[in-house]
C-alpha cells in the first residue's frame, strides 16, 4: 500500500462529531494500547465483521495519512497482516471524509459505495 492511500478507522457517529468539534480524535485504544487502530480499504471489512458485527451507529473515518500529525506505523498483526496504527491523537483536519457504516440485516458489513 502506498503512503498516499487513505487509511480507515471505525468509530461511532458521536465520537466522530466530537472530533469535528474539538479538532482531535482519541480512541480508547490510545490510552490502553498506545495507538489508534486503523485499516486499509482491503482490511476494513474483515475488521468490521470480526469486531463490530451487528453494531449500529458506526462511521468510517477516511484519513489522509499525509495530513496526520502523529506517527503512523504499519505493524504486523500475527496471522492477519500489516495494519496502520496512529501513535498519538488524530488531528481532525486529516479526516477527509466521514461515511455512514451500517451493517446489513444479517449484521455483516460491506464497503460503502462512496468510499
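In our numbering, the protein residues as written are 1087 to 1201. Yeah, the Cβ is synthetic: ideal placement off N, Cα and C, and Gly gets one too.
Check                                                                                                               : Outcome
Outcome for residue 1180 when other beta-carbon atoms lying within 10 angstroms are tallied against a minimum of 16 : buried
Whole-number beta carbon distance between residue 1133 and residue 1187, since they are thought to touch under 8 Å  : Not really, about 11 Å apart at Cβ, beyond 8 Å.
Terminal residues of the beta strand (DSSP E) in which residue 1105 lies                                            : First-last for residue 1105: 1099 to 1108, but that is the alpha helix (DSSP H), not the beta strand (DSSP E).
Candidates 1199, 1190, 1182, 1192, of which the one nearest residue 1094 by Cα                                      : 1182
Cβ-based neighbour list, residue 1098, same chain, cut-off 8 Å, excluding 5 preceding and 5 following               : 1143, 1144, 1145
Through-space distance from residue 1176 to residue 1130, alpha-carbon basis                                        : 18 Å
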